[in-house]
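Here is the structure we will look at.
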Amino acid sequence: MSEGSDAQPISLTVNGEPVTVLATPSETLLEVLRYRLGLTGSKQGCDKGDCGACTVLVDGRPVLGCLTLATLCDGAEVRTVEGLSTAAGLHRVQAAFVRHGAAQCGFCTPGMLMSAVRFLETREQARAPTREEVAAALSGNLCRCTGYAKILDAVIDAAAELGTRSVPGSNDAEGAR
Amino acid sequence: MSGSPSVLGGRHGRIDGAEQVTGAARFADDLSLPRMLHARIVRSPHAHARLVRIDSSKALSLPGVHAVITGRDLPTPYGIIPWTTDEHVFAVERARYVGDAVAAVAAIDEATAARAVAAIEVEYEVLPALLDPEEAARRTDVQIHASKRPGNLTKQVDLAFGDVDAAFAEAPLLLENDYAFHGTTHAAIEPHCALAQVDGDGLLTVWSATQVPHYLHRALASVLGLPARRIRVIQPPVGGGFGGKSEPFDLELASALLALRTGRPVKILYTREEVFLAHRGRHPTRIHARTAFDRDGHLVAHDADLLLDGGAYASFGLVTTYYAGQLTSLPYRLPAYRYRSRRVYTNKPACGPKRGHGAVQPRFAMEVQLDRAAVHLGIDPIELRRKNFIGENTRTVNELRVGSLGLLACLDAVERASGWKERRGRLPRGRGLGVAASAYISGTNYPIYPNEMPQSAVQLCADRSGRVRVFAGTSDIGQGSSTMLATIVAAELGVELADIRVVAADTDLTPVDLGAYSSRITLMAGHAAMDAAREVASMVRRAVAKKWEASPKDVSLAGGLAIDICDPSRTMPLADAFVLAESAFGTLGAVGSYNTPKEGIHGDYRGGTIGATPAFSATAHVAEVTVDEETGDVVVEKIWCAHDCGKALSPLLVEGQIEGSCYMGFGEALMEHHETDAAGRLVAPDLLDYRIPTSLDTPFIASTIVEAPDENGPYGAKEAGEGPLHSSIPAIANAVFDAVGVRIDELPITPEKVLAALDKQREEQHRR
Amino acid sequence: MMPLPRFALARPGSLEEAARLLSDAGAEGRVLAGGTDLLVNLKHGLAAPRLLVSIDRLPELRGVSVDDAGALVVGAAERLADIAAQVLVRARAPAIAGAAGLAAHPQARNMGTLGGNVCLDVRCRYVNRTPLWRGSLGGCLKAEGDVCHVVPGGKNCMAALSGDTVAPLVALDAKAHLVSASAERWVSIEALRGKDGRTPVALQPGELVRAVRIPAAPPNRRSAYLKWAVRHAVDFPLVAVALVVDAGADGAIESLRVVASVLGPKPRVVAGLDRFRGERITPQLASAVAEQVTRQCVPLPNVLYDPQHRRRRLGVMVRRQLDAWVG
Ligand SMILES: Cc1cc2nc3c(=O)[nH]c(=O)nc-3n(C[C@H](O)[C@H](O)[C@H](O)COP(=O)(O)OP(=O)(O)OC[C@H]3O[C@@H](n4cnc5c(N)ncnc54)[C@H](O)[C@@H]3O)c2cc1C
Ligand code: SF4
Ligand code: FES
Ligand code: FES
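Protein chains in written order, with the numbering used here: chain A, 1 to 177; chain B, 1 to 768; chain C, 1 to 327.
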């Protein structure tokens, strides 16, 4: 990254703010976000497309930061986990993650959230999503801690109409004894 | 009195939940320091080779390269177990597996460091490699480590309890089978990462993604030859451990030395391949099991011969070798028990502790043996387990003390939830239900290095702002230990969770805790927190009581208030109560610490302390599977798991541990395999080929919390992080048998093994 | 982290400019589409091009349309996720939409293109590895060495064709439109794929794929793409097969095409299926076809799964699909 010679300035919008930053042709978007812009929310778990920890939204779509050349994001709109919450509070899906205990170590969480945000923003709003639909949308984000159970609960909950809190197929357990 | 019921046992999330979901949590690789260098490690391409020459001159001449270090720079051996320090940061004389560290280069950035690694010339003399554990156990001509005894045995344990041979001689049912448990790895999503810095006063600080900051602190001191007081270890949030980060690793020691050498901060971030090489995962284990039953299905004797493939270094292996035998003696009554457990070195990545350490492999064998017995005797397998339940407040045949053990409630719960009684035996061919159960330790009685000091400690402060600070050496690796501490303090002091700051795992700021392993933290640090909080609470109550002219025992602290129990309309905000207490007693604070009970909890034979624990958890699983008889596919439709954690301080977190454990067991049972090829190379060193289940593969997991409080646990609490893994695997194997009548005794249960077994079954039926 | 090697990056705005850049660079240039395969290979040190030519701004490579002959034309830079969701593709070439939707995982489908999928490099357990790993092995024909570990003694690289859309495109008789600075031509997808994994795609230097054309389907066509992998997401196929059956109004088979992939570098068009012409799909026919497929298709130990098992499964997949079409 400090190979200065072939670094060129690129301009992109990151979480709604215009940013100009240097990047070499060989730098990935993940490297630029993490190491040049200090946006370390997006994670690196494999650096080759296998785990989804680096998932960010580029022009609205979840992509892998580790396999996206930063230079090609010139002019693009990038959203990362840092851009989800506002002064007014957490994004609906962030709040659901906290409520459901959907993050354990929290390392897969930022990428998972970005896939979930895209799912929630583009799905058919009229009906509650099924567990399978949510699982499919998150299938490129590996989590080693949770068994996905509470993550799916959280996304389904976030999708539910405000006020209705019944969660179809909820994994919430009941106590015994 | 104590306790705010809404906190203890309430469905709260983690105290750092908001930090996690906003990306604010700073993991090791999220840290960077001015002038920081990046280092990478040169690794051996050979499974076993003598180092002839290392030439780093070309690398050093590359622009941007700052330093190269090799084995010569770090001659002091280390290892997590003080009796088996067989590792060097870099191979000194020999490399012992493909991936063994040989040197490290610090450079201006990762790309330069990577180029420099390629420019280091290492000449090797290739030595014969031992890859098969049986062969390694046999051969004495190839010696992976120099040792007093010829051969490659790292540890052998032979223990017998009761009259095993007599029991076998008379038993009406004897089952003798071979089982093979394959190697699996932790695969935490965060790769290991360490950052080291030396400040102007010469203090070395190492930030590391570790589960054991204290042991890292000790290893840094001994390997670098620095006094421990000149070293500070900080553990940032860790992106998953599962045992894979529970001992010192090359990158931590190397980054420290490079920082000392260059005077600049140095970071090392493992590549994913290096994570697979560092490994310390589940030992591949071959088990020969003989189990005798009486006509009613009672266990009368069990005899196991275990061979553990340890890989190139000892790691925790001494303990693993014992665990492989010690913990099979419960949760069932076993009148006579014998085991021989051997661990050998092989030229492969070192095995160590993975979630359920040592006991998962023999549990698989035992639970399948029980299932076989149930079939032979025509007894319902849940009933068979009930019959054999060891009971509570008792001792195992190998003299481990057992306190509470909610096994029967666990069995009842999964039986009910799965519809076992109505459905089992009535499912169509191809669909089946299987059960298994287990018990696990909540911490070990003895620390890794002998000492009399507390295993966990907490320092607590409160002040007039109403805010409370908890200082603890505990490592939160995702299991929620910081939330656990806050929950206890909140319950005792009546403060909100949000008003508590937990400062954890910083050797400069927090008292020593031994680390996140063997499921010890809730029981041990929980006790320490409870004691400290009770002491502060008592001061607050006394101060308030004085003001109210009441008795301290009538002052309750709850919901952010001090409340007069005799007149609940009389309350005071806690901040005001703290003012009174601070005025009366001076700065408000207390310490708490915990050490394990030592009396009468284990036998005094050699090794008898291993497996001894303050409290055992209990677990039962039912798995439902569908087997496709043409493809061999096993689909796990659902897993029901009931786990006795004594007392769920944070049920949401306990459920998370149950679900995560079931998930991990499911992956091990069906698809994961940490395997090496004929030359010792990892077959699947990435997250593409080492197949951990995705959200689409993972079955629905229905968890039930069972609470059989233990007198040794804080509020009765026991462990929840490892126990719920053990029996998930045999439950799946037993369900496969129930579905199609074949046993797969060699894990993982892959389609081709299922098909081969079904082919054989068809052939046999044909012949009849 | 796995840093990328240094290269120059061009982002032309027209096909003409792209073609010129590529022809100037010759063997030192590479087309960069979604990068989900190429960049991983570069990180693994499997290639070191001097120039990457990005096609993300070429309008000529975009769009899905139906031409005058009723054929479906899909731009090479169209993303797999869009192809999977595209109404035209779903209606006219459901097997392609299905295959695109089964590849990799959601993020890779948002990035990966049809052109990249069709031109995907072959995969092998011995080569898609880090330099440390390959160095330990001593390399192979495809990289840094002169032997093959899959077929000892073999002269060709027999790594596995792994792009999910290739088999169904071949089964549907699709052609690729190739464009270079000086010429253009149409080549069948089958001919585009090389039989030696060292040259997985028969492109001339400077040539790129502009679009893929799938001929109009006759009425009564049934098609399917079946993929097997251990996991339901992320994984490349371990064995895969496309089936296309065209039948007359009476249900009699007019043409039956079966194309298997993940065997060696080339898709395998199962031969001799003409003998089923005129028959109706019955369970007996399903078994007979499956047997023929299994006989001709021999997976190699190039990807991480037992080849015998992959072969047996292929037969089951084919038979079950035909069984589902009985009647
Ligand atoms: C974790 C993971 C899992 C994957 N699983 C699958 C899977 O299951 N199935 C599957 O099919 N793929 C899979 N892939 C690979 C990949 O995502 C897809 O195949 C994708 O379609 C490749 O397209 P791309 O645009 O990203 O190609 P690139 O990586 O950009 O290019 C691939 C190759 O094609 C060449 N190329 C690209 N476009 C053109 C063109 N228009 N003309 C000429 N040459 C061109 C490039 O030069 C390069 O050689 C996986 C990838 C990852 C990271
Ligand atoms: S098939 Fe042979 S030559 Fe080709 S990549 Fe694999 S080992 Fe190398
Ligand atoms: S870091 Fe990008 S997919 Fe793993
Ligand atoms: S919460 Fe740890 S990896 Fe998902």
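Quick reminder that beta carbons are idealized off the backbone N, C-alpha and C, glycines included. The structure displayed is predicted, hence computed values, not measured ones.
- Taking 8 angstroms as the CB threshold, P693 (chain B) lines the interface with chain C.
- For F168 (chain B), there is no enclosing beta strand (DSSP E); the residue is found in the alpha helix (DSSP H) stretching over V164 to E170.
- Taking the beta carbon of Q94 (chain A) as reference, no residue of chain C falls within 7 angstroms; the closest one sits roughly 20 angstroms away.
- Under a criterion of Cβ atoms nearer than 8 angstroms, the residues of chain C adjacent to T271 (chain B) are, in order, M1, M2 and T130.
- The residue among C:R30, C:P5 and C:M1 with its C-alpha nearest the C-alpha of G206 (chain C) is C:R30.
- Contacts with chain A at 8 angstroms (Cβ-Cβ) include G35 (chain C).
- Annotated three-state conformation of R333 (chain B) is coil, per DSSP.
- Taken through DSSP and simplified to helix, strand or coil, I705 (chain B) comes out as strand.
- C-alpha of G716 (chain B) to C-alpha of K43 (chain C): approximately 52 angstroms in a straight line.
- For Q204 (chain C), there is no enclosing alpha helix (DSSP H), as DSSP marks it with neither H nor E.
- In this structure, the C-beta of G239 (chain B) approaches ligand 4 to less than 7 angstroms from one of its heavy atoms.
- When the Cα atoms are used, L37 (chain B) and I108 (chain B) turn out to be separated by approximately 5 angstroms.
- Interface residue (Cβ-Cβ distance to chain C less than 8 angstroms): K43 (chain A) is not classified as such.
- Taking a beta-carbon distance threshold of 8 angstroms, T71 (chain A) counts as an interface residue toward chain C.
- When C-alpha distances from W207 (chain B) are compared across B:N734, B:G183 and B:L31, the shortest belongs to B:L31.
- Distance between C119 (chain C) and V117 (chain A), taken at the CA atoms: about 32 angstroms.
- When distances are taken from the beta-carbon of F236 (chain C) to the heavy atoms of ligand 1, the shortest one is below 7 angstroms.
- Residues of chain B whose Cβ lies closer than 9 angstroms to the Cβ of R231 (chain C) are, in chain order, M671, R691, I692, P693, T694, L696 and D697.
- Separation of R230 (chain B) and T85 (chain B) (C-alpha to C-alpha, rounded to the nearest whole angstrom) is 23 angstroms.
- Per DSSP, the continuous beta strand (DSSP E) segment holding W207 (chain B) begins and ends at L204 to S208.
- H46 (chain B) is classed as buried because its beta carbon has at least 16 other beta carbons within 10 Å across all chains shown.
- One residue after another in chain order, those with a Cβ under 6 angstroms from a heavy atom of ligand 2 are C:C124, C:Y126, C:V127, C:C140, C:L141, C:K142, C:C148, C:H149, C:V150, C:C157, C:M158, C:A159, C:G197 and C:N302.
- Using a Cβ-Cβ cut-off of 8 angstroms, S26 (chain A) counts as an interface residue toward chain C, since at least one Cβ of chain C sits closer than that to its own.
- At a cut-off of 8 angstroms between beta-carbon atoms, L485 (chain B) makes no contact with chain A.
- A check of alpha carbon separations from R210 (chain C) across C:A10, C:D146 and C:S14 identifies C:S14 as the nearest.
- Judged by DSSP secondary structure, W186 (chain C) falls within the beta strand (DSSP E) whose first and last residues are E184 to S188.
- DSSP links R123 (chain C) through a beta bridge to C:A160.
- Relative to the Cα of G23 (chain B), the nearest Cα in the group A:Y148, A:L90 and A:H100 belongs to A:L90.
- If you compare the alpha carbons of B:H214, B:R138 and B:P172 with that of Q455 (chain B), the shortest gap goes to B:H214.
- Against chain A, a Cβ distance below 8 angstroms from C662 (chain B) picks out G147.
- The beta-carbon of Q20 (chain B) is placed less than 8 angstroms from the nearest beta-carbon of chain A.
- Proximity of T80 (chain A) to chain C, defined by a Cβ-Cβ separation below 8 angstroms, is not satisfied.
- Closer than 7 angstroms to some heavy atom of ligand 3: that does not describe the Cβ of A278 (chain B).
- Chain-ordered, the chain B residues with CB closer than 7 angstroms to the CB of V316 (chain C) read E630 and T631.
- With contact defined as three or more Cβ pairs closer than 8 angstroms, the stretch 617-626 of chain B and the stretch 716-729 of chain B are in contact.
- Here D554 (chain B) has A545, D564, I565 and C566 as same chain residues with Cβ atoms under 8 angstroms from its own Cβ, once five neighbours each way along the sequence are excluded.
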